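Residue numbers (our numbering): 123 to 419.
A virtual CB, placed ideally from N, CA and C, is assigned to each residue, including glycine.
Just so we're clear, the structure is a prediction, and the values are computed from it rather than from any experiment.
The block underneath contains the structure these notes are about, expressed in structure tokens.
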């Protein structure tokens, strides 16, 4: 019955205007929520993927309706819905959790450009059970995406270009979690890319930063709008003998920070803890935690 309702909505949705009080829009949100509930309740990985295929088809149809850009869908559980501060971008991400404890990620970028709405799918190209660190750092297109749930979007401008710095979480596996910082921008031809050489850590230049730590730990990685820095929990092994074994890494009560200068993010080590922890937290991040998207934002 639910599948039948979804098919009907897919047919009629392009022809219906959606106002904030429109019952059709409410039906769309309810259908997305229902699909997520079914996915979470399903134990079979194959069945999860079938339901997620329905979700992808349904959600893409919704996003292609120009009026969807101005309709907040914050009431959708288990999905992160971010809006850029310049109101030009919407980013939607979610994941599937498989029986073996691994994850696969899905998402869309919705861009408003001179009144036109452009849609770009995010395609997680990683092997679920094997990560190649060198290759991951080279991913730069939406069709070859690292894959994570984004929970913060920071807008910066430099030399007439707009950069969207995205902070995300990856559940990885039963041993470790990961957090990711990467920068999205648009080329002169309007193509979204993950920018290269955007981070300077000591003397190293990197395309993105990936932090890996124990699954049982919680890592702070958030934007401090007051000081215009990204605050980073410094990670260390619980004992020296566990060096480079990231399932034993966690916060060591010191903090680093990234500051946007000269068109890239520069690392500052060992910042004042008062600056690191005493600031207004992003309300969206707390809502995502409460809704169960992840416990570790």
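Item	Value
Host alpha helix (DSSP H) of residue 260 (start-end)	Where residue 260 is concerned, there is no enclosing alpha helix (DSSP H), given that its DSSP letter is neither H nor E.
Straight-line Cα distance separating residue 378 from residue 345	12 Å
Cβ pair count under 8 Å reaching 3, the stretch 305-315 against the stretch 341-361	no
Whole-angstrom distance between residue 376 and residue 395, CA atom to CA atom	7 Å
Reduced DSSP category for residue 356 - H, G, I as helix; E, B as strand; rest coil	strand
Any non-hydrogen atom of the ligand ATP closer than 6 Å to residue 238 Cβ	No copy of the ligand ATP appears in this structure; indeed no ligand is present at all.
Length of the line joining the Cα atoms of residue 289 and residue 161	25 Å
For residue 340, the nearest candidate out of 361, 182, 292 and 326 (CA to CA)	292
Span of the beta strand (DSSP E) around residue 381	371-383
Residue 201 classed as buried or exposed, judged by whether at least 16 other C-beta atoms fall within 10 angstroms	buried
Integer-rounded CB distance, given that residue 327 should sit under 8 Å from residue 319	5 Å
Beta carbon proximity, residue 296 to chain B, threshold 7 Å	The question asks about chain B, but that chain is absent: this structure has only one protein chain.
Cβ-Cβ distance between residue 221 and residue 298 below 7 Å	no
Nearest-angstrom Cα separation, counted from residue 294 out to residue 338	12 Å
Neighbour-count burial assignment, residue 123, 16 or more Cβ in a 10 Å radius	Confidence is the limiting factor: at residue 123 the pLDDT is only 47, short of 50, which leaves the residue's position unreliable, though a coordinate-based value still follows. Flag for residue 123 reads exposed.
Proximity to residue 226 [Cα-Cα], best of 212, 245, 366 and 210	245
CB of residue 213 within 7 Å of CB of residue 195, strictly	no
Residues of its chain near residue 167, where Cβ-Cβ distance is below 6 Å and the 5 sequence neighbours each way are ignored	220 and 221
Cutoff 6 Å; reference residue 317; Cβ partners in own chain excluding five residues on either side	305 and 307
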